[in-house]
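Chemist:
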Amino acid sequence: MRAVWKGAVTFGLVNVPVKLYSATEDHDVSLHQVHDEDGGRIRYQRKCEVCGKVVDYKNIDKAYDDGERTVVITDEDLKALPAERSREIEVVEFVPTDQIDPIMYDRSYYLEPDSASSKAYVLLRRTLESTDRTAIVQMALRQKTRLAALRVHGDVLMVQTLLWSDEVRAADFPSLDEPVKISSKELDLSRQLVESLVSDFEPEQFVDEYQQELRTLIAAKLEQGEALDTAATFGEQPEEVGGEVIDLMEALRQSIAAKREGGGGAGTAKGAAKAGTASAGSKGRSSGSKASGTGDGTKKKAPAKKKAAS
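When we follow full-length UniProt numbering, the leftmost residue of the sequence shown carries the number 1, and every step to the right adds one.
1. Could you check whether the region 56 to 70 touches the region 138 to 150, counting it as contact only if at least three pairs of C-beta atoms, one from each stretch, sit closer than 8 Å?
2. Tell me whether arginine 204 sits in a helix, a strand or coil according to DSSP, three-state version.
3. Roughly how many whole angstroms lie between the Cα atoms of serine 115 and aspartate 132?
4. Going by CA-CA distance only, name the one from Met139, Tyr64, Cys51, Arg107 that's closest to glutamate 90.
5. Can you tell me whether lysine 259 is buried or exposed? The criterion is at least 16 other CB atoms within 10 Å of its CB, across all chains shown.
6. Would you mind sorting proline 17 into buried or exposed? The rule is 16 or more other CB atoms within 10 Å of its CB.
7. State the DSSP-derived secondary structure class of leucine 157, mapped to helix, strand or coil.
8. Anyone know if the C-beta pair for glutamate 112 and lysine 19 falls short of 7 Å?
9. Closest by CA to arginine 107, which one among Ser199, Ile182, Thr24, Leu248?
10. Would you call the CB atoms of tyrosine 109 and valine 159 closer than 7 Å?
11. Check whether the Cβ atoms of arginine 151 and threonine 134 sit closer than 7 Å, and answer yes or no.
12. Please confirm if the region 164 to 174 is in contact with the region 38 to 49, defined as three or more CB-CB distances below 8 Å between the two stretches.
13. What did DSSP end up calling valine 122 once you bin it into helix, strand or coil?
14. Excluding the 5 residues preceding and the 5 following glutamate 93 in the sequence, name in chain order all residues of the same chain whose CB lies nearer than 6 Å to its CB.
15. Please list, in chain order, all residues of the same chain as alanine 3 whose beta carbon is under 8 Å from its beta carbon, the five residues on each side excluded.
16. Report the residue from Gln143, Tyr121, Gln99 whose alpha carbon sits nearest the alpha carbon of proline 82.
17. Got a sec? Which residues, its chain only, sit under 7 Å from leucine 124 by beta carbon, not counting five neighbours each side?
18. Just how far apart, CA to CA, sit leucine 189 and arginine 215?
19. May I have the straight-line CA-CA distance separating lysine 306 from valine 207, to the nearest angstrom?
20. Residue range of the beta strand (DSSP E) that threonine 70 falls in?
21. Could you tell me which of Leu197, Thr233, Ile100, Ser184 sits nearest to aspartate 161, measuring between CA atoms?
22. Given a cut-off of 7 Å on the beta-carbon distance, is the pair alanine 220 and threonine 233 in contact?
23. With DSSP as the reference, identify every bridge partner of lysine 6, one or two as the case may be.
24. Residues in its own chain within less than 8 Å of glutamate 236 by CB, not counting five upstream and five downstream?
25. Less than 8 Å between the CB atoms is what I'm expecting for valine 71 and alanine 63, so what's the real figure, rounded?
26. Considering Cα atoms alone, identify which of Asp200, Leu13, His27, Gly12 is closest to glutamine 211.
27. Tell me the rounded alpha-carbon separation between arginine 191 and glutamate 129.
28. Expressed to the nearest angstrom, what Euclidean distance is found between the alpha-carbon atoms of alanine 170 and valine 180?
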């Protein structure tokens, strides 16, 4: 891995030299755009509106326009800002970990000790572990002042940048203001269904099915060309039917029954929900929900749990 930043964590008079590494990476297949008629590559050019020339990145500056005047901001200007010159991850406070709402988490970075002795690094890590606290820190990274959470991940300290409070949008949905009556039986059945699906979360058990299928499609097209038969490659896929009215109680009952009989997980529960739809139509007990909706007892498609390909 290549360090993206070097500096020091500071709290009080304690200074912990560190290197910063990105903790995540993107494995999505990279696709580019082509002309649908002849397959020619589509490229975007950075063209100057004044002289009409195509401009290289090295000759591009940033600018701010207030509607009447334009101020050009060069890379040298940005590097001269006091916050940008700072090489410190300053600990502002230590807070209970559960006080940080996960919606605020942005990017994750590992911290590596950057000194002959890692004593100060290990001391900070053990202090956080023993107090069950997360450090709220401020730092400058990539031309932005960042608020971040400094916490322990295994034997490593890591920084997770946080969104500013005004960057988190409020969830204002009028439909949630409408009163909804949930019977004790519905709640009991829903809890039973949850209990039937309880498990320990193991991230490696899940894979990105779309990216796997996209790679399969690319490999098949490289081998077969435009004569590719997608049905033969992926098998016949049944069309999903949405918008049916379902009986919530019947869907819950059949989901639990299907789980007990076959242990089919989310896929079986989905099938049971569809069976509940047919039952609702014949018995005339409709909850008034749409099968394609969420939040009022309808069954939403759950991701299949698969072993990651080795």
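From the three backbone atoms N, C-alpha and C, an ideal C-beta is built for every residue, glycine too.
Modeler: Walking through what the data contain:
1. no
2. Here residue 204 is glutamate; the residue named in the question, arginine, does not match the sequence. Helix at glutamate 204.
3. 26 Å
4. Met139
5. buried
6. buried
7. strand
8. yes
9. Thr24
10. yes
11. yes
12. no
13. helix
14. Ile136
15. Lys19, Leu20, Tyr21, Glu112
16. Gln143
17. Val9, Val16, Leu157
18. 41 Å
19. Annotation note: pLDDT 49 at lysine 306 (below 50); position unreliable, coordinate value reported separately. Going from the Cα of lysine 306 to the Cα of valine 207 covers about 7 Å.
20. 70 to 73
21. Sequence inspection shows threonine at residue 161; the aspartate mentioned does not correspond to that position. The candidate whose alpha carbon is nearest that of threonine 161 is Ile100.
22. yes
23. Lys19
24. none
25. 6 Å
26. His27
27. 34 Å
28. 22 Å
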